[in-house]
Amino acid sequence: MSKMPRILVVDDEEAMRESLNDWLKEDGYEVGLAAGGQEAIDMVRGEPWEVILLDLKMPGMDGLETLKHLKEVRPDAEILMMTAYATVDTAVQAMKEGAFDYLVKPFDPDEIEILIKKIVKQKELILENILLRKKLEERDQFDEIIGKSDAMQQIFELIKRVAPTDSTVLITGESGTGKELIAQAIHGNSGRCYMPLIAVSCGALPESLLESELFGYEKGAFTGAEHTKRGRFEMAHGGTLFLDEIGDISLKTQVDLLRVLQQKEFSRLGGEESIEVDVRILAATNRDLEKAIIENRFRKDLFYRLNVISIHVPPLRERKEDIPPLAKASVRKCCLELNKDEVNIAPSAMKLLVDYDWPGNVRELENVIERALVIGGGKEIAATDLPFTGREPVSEQLPKSLKAMEKIHIERVIEEADWNISRAARELGIDRQTLYNKIEKYEIKRG
Ligand SMILES: Nc1ncnc2c1ncn2[C@@H]1O[C@H](COP(=O)(O)OP(=O)(O)OP(=O)(O)O)[C@@H](O)[C@H]1O
Ligand SMILES: [Mg+2]
8 MSKMPRILVV
18 DDEEAMRESL
28 NDWLKEDGYE
38 VGLAAGGQEA
48 IDMVRGEPWE
58 VILLDLKMPG
68 MDGLETLKHL
78 KEVRPDAEIL
88 MMTAYATVDT
98 AVQAMKEGAF
108 DYLVKPFDPD
118 EIEILIKKIV
128 KQKELILENI
138 LLRKKLEERD
148 QFDEIIGKSD
158 AMQQIFELIK
168 RVAPTDSTVL
178 ITGESGTGKE
188 LIAQAIHGNS
198 GRCYMPLIAV
208 SCGALPESLL
218 ESELFGYEKG
228 AFTGAEHTKR
238 GRFEMAHGGT
248 LFLDEIGDIS
258 LKTQVDLLRV
268 LQQKEFSRLG
278 GEESIEVDVR
288 ILAATNRDLE
298 KAIIENRFRK
308 DLFYRLNVIS
318 IHVPPLRERK
328 EDIPPLAKAS
338 VRKCCLELNK
348 DEVNIAPSAM
358 KLLVDYDWPG
368 NVRELENVIE
378 RALVIGGGKE
388 IAATDLPFTG
398 REPVSEQLPK
408 SLKAMEKIHI
418 ERVIEEADWN
428 ISRAARELGI
438 DRQTLYNKIE
448 KYEIKRG
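Okay, here's the thing in structure tokens:
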């Protein structure tokens, strides 16, 4: 409904029609006039009147009867009854039949104006509500997460059950299995979905940086702290905080984090004031935290805090039936990004995809598909477009020097890890700093 709805006045008294006509037109409304019930019904059939001012007592078809017909013809029109003091009871009856409200004669223009504004406001709210609900239903279907396998179906069920609660969820699984996607689905299906989902990649930052990222800092807290900065906990207030790569945080940060989770309040670095937050925590890791606990690298108490509900995403090789739909979805996504017509996957290529072990899981699958689309260029992804057809195409051109080999190998691992340095370092079996040094030494660059 527009802010200036079209108004139909229905009254048998000509003087009343004329004065309402003058008032409303003066206020800028478009006005129609009907002298009786039947005329009103005919007019409403022909044109979309949005608000109807309807007299209760009219000869012939009375207001109540007219109301019923009008509601049948235009259920979304809002009807305001006009009544004399003596017939207020009937007006109340009319509201039960679907009238929006009533006005007792004599009334002044301001009263009508207030009611019309109320109608417009209410219509807006209803519309907004419908839109929100539609959006929510769309999110509900997890249409971004693909998974036919029993394991994934069980995960969907679990997401549905835990999403609306405020429980902390720990999502575990190998790299590239879709943990972040699951965190997004939990947030998206929760009551917090209109508030922010704030993600922190805990493994990517050194200890001091991570702490200031999480908790923020006050101006002057350390050299370089020129302004007060809000941390991720504050930013996530009312929403969800996703602590990614939680297995990588230092023991000191573990202690600080535990305190916040227990007390639900914290202070910014260098700050006195304690800040209270309402935040739902989701965490993810590709590490074996139970093993880390035994090796004293992860605090048991923090683990129990995080692991209230646990969702384990199995590696792709343990749910091979998910590979074909994932591969197809990847093709669709890549073709869209590369602005290409969608191509098929040849059955022989699909067999290779299904048979392969996927150490890098869905992320690796996406990379393989993208590469096949770029290098293949045909109408179809053929087995020969895949990097694991048995022959190793790059091997003939491999350099002899160890240094050059090291550079190529590091580049590959970093690319495969999507430039997630801590993950690449882990896969290479070196620490992050060593990897940074090598990146600098070999001048390895993104892309
Ligand atoms: N079930 C799935 N359906 C569709 N896409 C998926 C699925 N699982 C993973 N992906 C896609 O694979 C990629 C990797 O997923 P994601 O980043 O969620 O993995 P992760 O488990 O968080 O990995 P890491 O531990 O390395 O951070 C993303 O592009 C994601 O969209
Ligand atoms: Mg992740």
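Take 8 as the starting number for the sequence shown in my numbering and just add one per residue.
Beta carbons are placed, not taken as given, at the ideal position from N, Cα and C, and that holds for glycine.
Residue i: first and last residue of the uninterrupted alpha helix (DSSP H) it sits in
{"i": "L264", "result": "L258 to Q270"}
{"i": "L74", "result": "G70 to V80"}
{"i": "D362", "result": "P354 to D362"}
{"i": "V369", "result": "N368 to G383"}
{"i": "I421", "result": "L409 to E423"}
{"i": "F310", "result": "K307 to L313"}
{"i": "Y109", "result": "Y109 -> not in any alpha helix (DSSP H); beta strand (DSSP E) instead, spanning D108 to V111."}
{"i": "Y443", "result": "R439 to K448"}
{"i": "I451", "result": "Taken as a continuous stretch (DSSP letters only), I451 belongs to no alpha helix (DSSP H), as it is neither H nor E."}
{"i": "P213", "result": "Where P213 is concerned, there is no enclosing alpha helix (DSSP H), given that its DSSP letter is neither H nor E."}
{"i": "E344", "result": "I330 to E344"}
{"i": "E434", "result": "I428 to L435"}
Ligand 3 heavy atom lying under 8 Å from the CB of residue i
{"i": "K347", "result": "For the structure depicted, ligand 3 is absent and the ligand set comprises only ligand 1 and ligand 2."}
Residue i versus the options, residue with shortest Cα-Cα distance
{"i": "F395", "options": "K358, K226, K410 and T235", "result": "K358"}
{"i": "E60", "options": "L313, K186, M89 and E423", "result": "Per the sequence presented here, residue 60 reads as Leu, with Glu not at that position. Minimum Cα distance to L60 is reached at M89."}
{"i": "V361", "options": "A390, G385 and G39", "result": "A390"}
{"i": "L31", "options": "G67, E120, L63 and F114", "result": "E120"}
{"i": "R168", "options": "H194, P331 and L110", "result": "H194"}
{"i": "E21", "options": "D329, Y36, L63 and A41", "result": "A41"}
{"i": "P321", "options": "V315, M23 and D329", "result": "D329"}
{"i": "D255", "options": "D295, L221, C209 and R239", "result": "C209"}
{"i": "V381", "options": "L138, A106 and C342", "result": "C342"}
{"i": "K130", "options": "N368, L258, D83 and L188", "result": "D83"}
{"i": "M159", "options": "E57, A243, H319 and A98", "result": "H319"}
{"i": "K386", "options": "V350, L393 and Y311", "result": "V350"}
{"i": "T97", "options": "F114, G70 and I123", "result": "G70"}
{"i": "I205", "options": "T179, T175, R239 and L15", "result": "R239"}
{"i": "L393", "options": "V369, I352 and A411", "result": "I352"}
{"i": "L217", "options": "K226, D364 and R237", "result": "R237"}
{"i": "S317", "options": "L435, A106 and D295", "result": "D295"}
{"i": "A190", "options": "L264, R287 and L258", "result": "R287"}
{"i": "G367", "options": "K410, R324 and G183", "result": "G183"}
{"i": "D62", "options": "L309, L323 and P113", "result": "P113"}
{"i": "V369", "options": "A356, K335, G384 and K347", "result": "K335"}
{"i": "T435", "options": "R453, K448 and K414", "result": "With the sequence shown as reference, residue 435 is identified as Leu, and Thr is not the correct amino acid for it. The candidate whose alpha carbon is nearest that of L435 is K414."}
{"i": "M412", "options": "N293, K445 and S429", "result": "K445"}
{"i": "I48", "options": "V111, Q100, I282 and L77", "result": "L77"}
{"i": "L87", "options": "N136, R306, K125 and P66", "result": "K125"}
{"i": "V420", "options": "I376, K410 and R433", "result": "R433"}
{"i": "D285", "options": "S174, R430 and D263", "result": "S174"}
{"i": "G278", "options": "A232, P203 and L212", "result": "A232"}
{"i": "E104", "options": "E118, E85, L110 and P116", "result": "E85"}
{"i": "A243", "options": "G223, L122, P406 and M102", "result": "G223"}
{"i": "K155", "options": "S355, K327 and R439", "result": "K327"}
{"i": "V262", "options": "R312, A101 and P203", "result": "R312"}
Residue span of the beta strand (DSSP E) that contains residue i, given as start and end
{"i": "I86", "result": "E85 to T90"}
{"i": "D96", "result": "Unbroken run through D96 is the alpha helix (DSSP H), V95 to K103; no beta strand (DSSP E)."}
{"i": "A206", "result": "L204 to S208"}
One or two residues paired with residue i in a DSSP bridge
{"i": "R237", "result": "G223"}
{"i": "F273", "result": "I282"}
{"i": "I318", "result": "I178"}
{"i": "N351", "result": "E387"}
{"i": "T292", "result": "T179"}
{"i": "I14", "result": "V38 and V58"}
{"i": "F249", "result": "A206 and L289"}
Completely contained alpha helix (DSSP H) runs for the region 119-196, where each covers 4 or more residues: 157-169 and 186-195
4 or more residues per run - each alpha helix (DSSP H) lying fully within the region 18-71: 21-33 and 44-53
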